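K.L.:
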Amino acid sequence: MQAAEKAREPLFDGPEWTFELMEKARDAIEEIALGDLGLDVYPNQIEIISAEQMLDAYSCVGLPLMYQHWSFGKHFARDEALYRTGRQGLAYEIVINSNPCISYNMEENTMAMQTLVMAHAAFGHNHFFKNNYLFQQWTDAAGIHDYLAFAKNYIAACEERYGLSAVEEVLDAAHAMQSQGVFRYGRPPKPTTEELVAMQKVREGYESGQSVLDIWTDSTLGRDKLEEVEDASYSARRKMMNLPQENILYFLEKHSPVLDAWQCELLRIVRMLAQYLYPQKQTKVMNEGCATFVHYYIINKLYEQGQIKQGAYMEMLHSHTNVVMQPEYDDPRFSGINPYALGFAMMQDIRRICQDPTDEDREWFPDFAGDPDWRKVMREAWANYRDESFIQQFLSPNLIRKFKLFTLTNDADLPNLVVSQIHNRAGYKAIRRDLAKQYDLAYLEPDIQVTDADLRGDRELKLTHTVRDGIHLDEEDQEEVLKHLRCLWGYGVSLDAVEATSES
Amino acid sequence: MHHFIDRRANPKGKSLGNRQRFLRRARENIKERVDQSVRGKSIQSGSGVPDEGEKVTIPSKGLKEPRFFHSSKGGTRRHVLPGNKDFVVGDTIKRPQGGAGEGGRKASEDGDGEDEFSFTLTQEEYLEILFDGLELPDLVEKATVETETIGTRRAGLTTAGTPNNLNLVRTMRNSLGRRIALQRPTTKTQKDLEEQIAELEALDERTQPQEAFLDELKKRLEGIIRKRKVVGYIDPLDLRYDTFVPEKIRNSRAVVFCLMDVSGSMQEREKDLAKRFFLLLHLFLERCYEHTELVFVRHTHHAQEVDEETFFYARETGGTIVSTALEKMKEIIEERYPPDEWNIYGAQASDGENFGNDSIRCKNLLLNDLLPVSQFYAYVEIVDEAAEMLLNNPEAGEDLWQNYREVKEQAQHFEMQRVSQPGHIYPIFREFFLPKVKGAQNAGS
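In order, the protein sequence lines correspond to chains A and B.
Using the numbering used here, you'd call the opening residue of the first sequence number 4 and step up by one each time.
Using the numbering used here, you'd call the opening residue of the second sequence number 5 and step up by one each time.
1. Nearest chain A C-beta to residue 9 (chain B) closer than 8 Å, yes or no?
2. Kindly provide the ranges of any alpha helix (DSSP H) runs that are 4 or more residues long and lie completely inside the stretch 371–434 of chain B, ordered along the chain.
3. Can you tell me which of the three DSSP states residue 88 (chain A) falls into?
4. Can you pull the DSSP bridge partners for residue 63 (chain B)?
5. Does the beta carbon of residue 14 (chain B) sit closer than 8 Å to a beta carbon anywhere in chain A?
6. What's the gap between the Cα of residue 457 (chain A) and the Cα of residue 497 (chain A)?
7. Beta-carbon separation of residue 269 (chain A) and residue 398 (chain A) under 8 Å?
8. Could you tell me whether the stretch 283–297 of chain A touches the stretch 123–138 of chain A, where touching means 3 or more Cβ pairs closer than 8 Å?
9. Taking C-beta to C-beta, are residue 326 (chain A) and residue 306 (chain A) nearer than 8 Å?
10. Can you tell me whether DSSP reads residue 13 (chain B) as helix, strand or coil?
11. Taking three-plus beta-carbon pairs below 8 Å as touching, is the stretch 145–153 of chain A in contact with the stretch 87–103 of chain A?
12. Using 8 Å as the threshold, is the C-beta distance between residue 72 (chain B) and residue 248 (chain A) below it?
13. Taking buried to mean at least 16 other C-beta atoms within 10 Å of its own C-beta, is residue 317 (chain A) buried or exposed?
14. Would you be able to state if there are at least three C-beta pairs under 8 Å between the stretch 351–361 of chain A and the stretch 101–119 of chain A?
15. Could you pull the start and end residues of the alpha helix (DSSP H) that residue 136 (chain A) belongs to?
16. Find the nearest neighbour of residue 503 (chain A) within the set A:482, A:493 and A:468, judged by alpha-carbon distance.
17. Taking only beta-carbon atoms, is residue 132 (chain B) less than 8 Å away from chain A?
18. What first and last residue would you give for the alpha helix (DSSP H) that runs through residue 206 (chain B)?
19. Using the beta-carbon count (16 or more within 10 Å), is residue 51 (chain A) buried or exposed?
20. Would a check of beta-carbon distances place residue 268 (chain B) closer than 8 Å to chain A?
21. Can you tell me whether residue 242 (chain B) is buried or exposed, with buried defined as 16 or more other CB within 10 angstroms of its CB?
22. According to DSSP, is residue 160 (chain B) part of a helix, a strand, or is it coil?
23. What separation, rounded to the nearest whole angstrom, lies between the Cα atoms of residue 14 (chain B) and residue 417 (chain A)?
24. Could you check which residue in B:414, B:90, B:346 and B:288 has the C-alpha nearest to that of residue 370 (chain B)?
25. Is the distance from the Cβ of residue 265 (chain B) to the Cβ of residue 400 (chain B) below 8 Å?
26. If you reduce the DSSP assignment to three classes, tell me which class residue 311 (chain A) lands in.
27. Chain A partners of residue 61 (chain B), CB-CB under 9 Å?
28. For residue 329 (chain A), go through chain B and note every residue whose CB falls closer than 7 Å to its CB, in chain order.
29. When you compare the CB of residue 336 (chain A) with every CB in chain B, is at least one pair closer than 8 Å?
30. Residue 68 (chain B) lies in the alpha helix (DSSP H); which residues open and close that run?
31. Is it buried or exposed for residue 437 (chain A), if we count other Cβ within 10 angstroms and need 16 for buried?
32. Name, please, each residue of chain B whose Cβ falls closer than 7 Å to the Cβ of residue 332 (chain A).
33. Taking all protein chains shown into account, decide if residue 188 (chain A) is buried (16 or more other Cβ within 10 angstroms of its Cβ) or exposed.
34. Under a three-way DSSP split, which group does residue 81 (chain B) fall into?
35. Would you tell me roughly how many angstroms separate the C-alpha atoms of residue 156 (chain A) and residue 67 (chain A), rounded to the nearest one?
36. Rank A:73, A:47 and A:35 by C-alpha distance to the C-alpha of residue 167 (chain A) and give the top, closest one.
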């Protein structure tokens, strides 16, 4: 067997790629990805695009289809300027969480890079999208293309009907609250057959009526019974409007006294896309770690089997090491922790803990230290965690030492920054906890909820920002966002800051 | 199941709609900057708008995408950083300047910490904004109104010709080659020999061998002289003459005459409009000709040629006699721009006032002297925005306008227009520069 593998012909020779060569390379990668690593992927659709198309994709948050809005034009102008002046390179690929899984490869890539990119995106990311619980529960990979097409056409139709300015106004306001347009804790949707039928109906005729999210939110959070209820007490309102409500866009869509049906639909579109992208924001380290680990494993396997030549192997490794480089905090290149570096290091570390555990590993990770099937351990980790919990669960003292992590406490009341933890026995747990917190979106993003709105009284929309660790909102932007909010709500909007009571 | 798709051939400009929306959004700001830039721009040296577009920087205020996000200041935060070298627990570090430190990580998704946003407008977009919504056709390959002159072109060498066409270099080269080949003795050889002979002859007594040597020398000298006679220094064979053939030459030079009334009634607004008018004409022509020149002629009751700076910004008082400017133009053409070498374009801006019956003189000057040598002549009358009556009715108007209307009837390469805002300027050129209309040919050619 070993000998047979050694005898394999190289997949390609030279830097030029062709579709035939890519086909061959893809087959070879698939053999390892599915046969050896046991990955489970969506069918792949690999598209070759030019630099300009890559810039296009950049400006539309990487989605293949997007409605039109000036902010995307602005991003395009900025990215283009950066790219033209050589201050920013372009990604080798972009991959989309969809079924089939679309990945965009740049035409400039050499054959070696195309191979690397396919292993990374078409198998690494693809597996992660298909298997991670967040993506499974919160996104509909099969429906996203249809939904995007629907959104694009619907918004174009609205522009035609109500004018560019009217649409722009609503979209601007909705974009301002994008991060407040997701359900962080609520139960995620899982469309049933009847919901799919309803979705189809909406797409076909753009009935302003009910969308999928309506159906599930109404059924899970209780139907909006505003009209039937006479009781105007706070507790009644609370129940009726599902207060407090963290998803401000959802709340506006359901309860705003001034929005027309089409405006509500726009809010819904923005909200749906925010929700679709939310899992990606929560799994940067894991997603990149998984993809990087997969490509690294696969190119090494291919090299061992003689399927890629040494030159190509070196080129891949060169690019790989660039990607997983972690500058230290005092390095001019430092700009935070590199998710590729941390993710890849953690994946490699898990494998090491399975294959070659130390006593320390056995003490820290009794569940899987020395596990003979490291592939399974890893697949389970990929499936069941997000960045925060993954770090909390799997960051080993070994890695903390390797990265020489330390915690710096910045207390505005003190004149200086204080080093509160370093990579020693006393600090491991605390550093791990602090680092995990850095990836907790619920902590990173401001916690703002709708707490009250008396539609029969003064109709003021009351928002509450729960302040943790004394960190307030940026005031200038806050005012701007509130202006947008007032526009969507039609009446007064107030935002109160409340100190969190029992937070760490 | 999997497949590869080649998307490279997909239509470009997928984000065009986004860009249009962006420009629309920022229009006010961009317009302000473009107006500013055109005011600060010299028609001449800045040469209008570069082909690759114009970089504009606009305040990012209206383009901000606000979000709720944590302020980078205040509170207690913990950052986990890599690369500890020698810190131990309890060490303190001075707060980095600005106090934000690493906390700026979340500052803003679009990184517009700065107040300004820079990007590049394409030439079309720039012009579109400059001329307020006019639709510019594709400017390329249009309006190349060229004059033709008969010139001569060198066409190699011949062995016969007139002495004034003698090509000395070639002739001498042939001569030298021939002399070397035929071993023509040089003057120096002959001189040396003669000196030697003279030396020997100068001796009072000569020995036998000396005598013999002298004889030999003399014989050699004779041979040399004979050979030099036979092999001439320049032989008719060497002669080469340049030849010229007559040829039509396309003339790719243009001169734009900017004529403007600068009497007291022309204020900032009027001059600004006039500047756009001149700029646009220059811009059109610049794309058609290899070389364009600008001549600025301003006039009150007398005309003078000035530089651009003076033209637009200096103040002058006096009456208004338009014909002086036309006279001046005629004069300059006669002096410096022979019509068979230059494509001449005239652009005149005025508020329509003229002294007495000078307008008839203008008409005659145009019809008899200027239009026959010009490719195109455009006149704009800058009127008040309130003067709707004038704007809508081309038949109404003062003396100058009426006379120019008569000119227009007789000359198809004459255009006139009343303008009160930038958008009005463009139509003057549109007709003329439409691809099908080639403009009038130079009467002189």
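Here a beta-carbon is modelled for each residue, glycine too, at the ideal position from N, C-alpha and C.
Since the structure is predicted, the reported quantities are computational estimates derived from the model, not experimental observations.
P.N.:
So, from the data block:
1. yes
2. 392–396 and 403–414
3. coil
4. B:120
5. yes
6. 13 Å
7. no
8. yes
9. no
10. coil
11. yes
12. no
13. exposed
14. no
15. 136–141
16. A:468
17. no
18. 191–206
19. buried
20. no
21. buried
22. strand
23. 58 Å
24. B:414
25. no
26. coil
27. Per Cβ cutoff of 9 Å: no residues; residue 61 (chain B) is ~11 Å from chain A at best.
28. 86
29. no
30. Premise fails: residue 68 (chain B) is in no alpha helix (DSSP H) and is neither H nor E.
31. buried
32. 85, 86 and 87
33. exposed
34. strand
35. 14 Å
36. A:73
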